[in-house]
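Colleague: Take a look at this one; I'll ask things after.
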Amino acid sequence: MKILVTGFDPFGGEATNPSWEAVRHLPGEIEGATIIKVQIPTVFGRSADAVHAAILEHDPDVIVSVGQAGGRYSVNPERVAINVDDGRIPDNDGKQPIDTPIQPDGPPAYFSLLPIKAMVTAMKEAGIPSAVSNTAGTYVCNHIMYQVRYMVDREFPGKRSGFVHVPYLPSQVVDKPNEPALGLDEIVTALTAGLAAIVEYSEKPDLQTVGGALH
Ligand code: PCA
141 MKILVTGFDP FGGEATNPSW EAVRHLPGEI EGATIIKVQI PTVFGRSADA VHAAILEHDP
201 DVIVSVGQAG GRYSVNPERV AINVDDGRIP DNDGKQPIDT PIQPDGPPAY FSLLPIKAMV
261 TAMKEAGIPS AVSNTAGTYV CNHIMYQVRY MVDREFPGKR SGFVHVPYLP SQVVDKPNEP
321 ALGLDEIVTA LTAGLAAIVE YSEKPDLQTV GGALH
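Each residue of the sequence shown is one higher than the last, beginning at 141 in this note's numbering.
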């Protein structure tokens, strides 16, 4: 099995992006699966072009996109991506789409094709805070989760895709009082456990653990 894992470049004035820092420190192989790591730009549109090119180049079985979610406390496999771009800040090319459909002919939303409950369970067993998230936002991370899933539907049947959000690194919160952070080693441990769960559950249904949200 081959798993393509992507991380984003820094955005919003940050010096680093924990998603790429963690992805580039992943082992090259997890539970027999080859891990391919690619950095993509925090840009609407171009981020999807970069993943599309990487899928054509590497022909992965699974595509896992990883992004920073500043302010979150745990590592979050995302359940759903919605068909809208609504930038709260401009992307790294200065574009800020507002209330714009990502794909006018696409469905309103796509669910993750990853075993998100098994991933959360594996991350927690590895000692790292983790929970399912029910919104990936409306910025570039939701965009890439939606776009890759749309590509899978239209062009790459049989492949599976999904998204994981990770908290800030400690170095990013030294001047942000009360913002949570997770160390690089912990984020790498969580992602490694999540990727191992993807391999383990490739032929079986996801775990049915309690992991919903009241609001
Ligand atoms: N996080 C942003 C985009 C890039 C990233 O790492 C987001 O959550 O949309």
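Glycine is no exception: its CB is placed at the ideal position from the N, C-alpha and C atoms.
How far does the alpha helix (DSSP H) with Y286 in it reach, from first residue to last?
Modeller: Here the question's residue 286 lines up with position 146 in the sequence shown. V280 to R294 is the extent of the alpha helix (DSSP H) around Y286.
Colleague: Taking buried to mean at least 16 other C-beta atoms within 10 Å of its own C-beta, is L196 buried or exposed?
Modeller: Translated into positions along the sequence shown, residue 196 becomes position 56. So L196 ends up on the exposed side.
Colleague: Please tell me whether L166 and P217 are closer than 8 Å, where the distance is taken between their beta carbons.
Modeller: Here the question's residue 166 lines up with position 26 in the sequence shown. Here the question's residue 217 lines up with position 77 in the sequence shown. It is not a contact, given that the beta carbons lie outside the stated cut-off.
Colleague: Once the 5 residues before and after Q236 are set aside, which same chain residues still bring their CB inside 8 Å of it?
Modeller: To locate residue 236, count along the sequence shown from 1; it is residue 96. The answer, listed in chain order, is G227, I229 and P230.
Colleague: Using only the heavy atoms of the ligand PCA, determine whether one of them is closer than 7 Å to the beta carbon of F148.
Modeller: Taking the first residue of the sequence shown as position 1, residue 148 is located at position 8. Answer for F148: yes, Cβ within range of the ligand PCA.
Colleague: Out of curiosity, what's the CA-to-CA distance linking T174 and T240?
Modeller: Residue numbering aside, residue 174 sits at position 34 when the sequence shown is read from its first letter. Residue numbering aside, residue 240 sits at position 100 when the sequence shown is read from its first letter. Using only the alpha carbons, I get a separation of about 36 Å.
Colleague: Which residue spans inside the stretch 147-224 form an unbroken beta strand (DSSP E) run of at least 3?
Modeller: Runs of the beta strand (DSSP E) inside the stretch 147-224: 173-180, 202-208 and 220-222.
Colleague: At a cut-off of 7 Å, is H305 close to the ligand PCA when judged by its beta-carbon and the heavy atoms of the ligand?
Modeller: Position 165 of the sequence shown holds residue 305. Indeed, a heavy atom of the ligand PCA lies less than 7 Å from the Cβ.
Colleague: Is F184 near the ligand PCA, going by C-beta to nearest heavy atom under 7 Å?
Modeller: For the purposes of this step, residue 184 is identified with residue 44 of the sequence shown, where counting begins at 1. F184: no, Cβ never under 7 Å from the ligand PCA.
Colleague: Quick check: what's the CA-CA separation for D245 versus G277?
Modeller: Residue numbering aside, residue 245 sits at position 105 when the sequence shown is read from its first letter. Residue numbering aside, residue 277 sits at position 137 when the sequence shown is read from its first letter. Roughly 21 Å between the two C-alpha positions.
Colleague: Going by alpha carbons, who is nearest to K142 out of E171, G153, A162 and F151?
Modeller: Taking the first residue of the sequence shown as position 1, residue 142 is located at position 2. Measuring from the Cα of K142, the nearest candidate turns out to be E171.
Colleague: With distances taken between CB atoms, is the gap from F296 to Q208 smaller than 8 Å?
Modeller: The residue labelled residue 296 in the question sits at position 156 within the sequence shown. The residue labelled residue 208 in the question sits at position 68 within the sequence shown. No.
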